[in-house]
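A.B. asks: Under our numbering, the letters of the sequence shown match residues 29 to 171, in that order. The C-beta atom is built at its ideal place from N, Cα and C for all residues, glycine as well. Quick caveat: nothing in here was measured; it's all calculated off a predicted structure.
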Amino acid sequence: MKSAAWGLALLLTAVGCSSGPEQQPLPQGALTPGTAAITINDRDLGEVDSVACTAAGPLMTIETGDETSGSTSVVSNADGLSAQSVYIRDLGGFTGSYNLDLGGQARVELSGSTYRIKGSADGFATDNPSFRTEGTFEIRVAC
């Protein structure tokens, strides 16, 4: 009887100490929620974990970085996904913007909770702000 009680206690301890369900791997191209990966002019700037996503009706405002260096994107899901605007602040030496129907181009894809916003923006090189230039961007964000 004593050995049966001991075995039951050992079994309960093993069950109580086991870890929870194993996390599923992220799908191809997906990011961990609350992170972003940014590429400017084909230069990979790596991942950042300063991300804020705010929904208001059909619009999602996605912010990365801070007021000095980062991006603010507005995506609409009113009639399919579309980028309404993308503002880039001193990322990879580029500052610029894209606005729907005002030049440049952008497209949006959504995979799980990861947005991929890719296109071109009008702006300037941070080290030479006197001359306008076009920059390319890819912003992947997991809200």
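Look up Glu162 in the DSSP assignment and say whether it is helix, strand or coil.
C.D. replies: Strand at Glu162.
A.B. asks: Can you look up Glu91 in the DSSP assignment and give me helix, strand or coil?
C.D. replies: Glu91 falls in the strand class under three-state DSSP.
A.B. asks: So what does DSSP say about Cys171, is it helix, strand or coil?
C.D. replies: If DSSP states are grouped into helix, strand and coil, Cys171 belongs with coil.
A.B. asks: Please report the straight-line C-alpha distance between Leu40 and Ser141, rounded to a whole angstrom.
C.D. replies: Residue confidence is low: Leu40 scores 43 on pLDDT, short of 50, so the model does not pin down where it sits. Its coordinate-derived value is still stated next. Computed Cα separation, rounded: 38 Å.
A.B. asks: When the Cα atoms are used, what is the spatial distance from Leu87 to Asp155?
C.D. replies: If I take the Cα positions, the gap works out to 33 Å.
A.B. asks: Among the candidates Arg71, Ile68 and Ile90, whose CA atom is the shortest distance from the CA of Ser21?
C.D. replies: Given a span of 29 to 171 for the chain in the structure shown, any question on residue 21 remains unanswerable.
A.B. asks: Looking only at C-alpha atoms, which of Gly85, Asp107 and Ile116 sits nearest to Ser101?
C.D. replies: If we check each option's Cα against that of Ser101, Ile116 comes out closest.
A.B. asks: Taking Asn127 as part of the beta strand (DSSP E), name the residues at either end of that continuous run.
C.D. replies: Counting along the chain, the beta strand (DSSP E) containing Asn127 begins and ends at Phe122 to Asn127.
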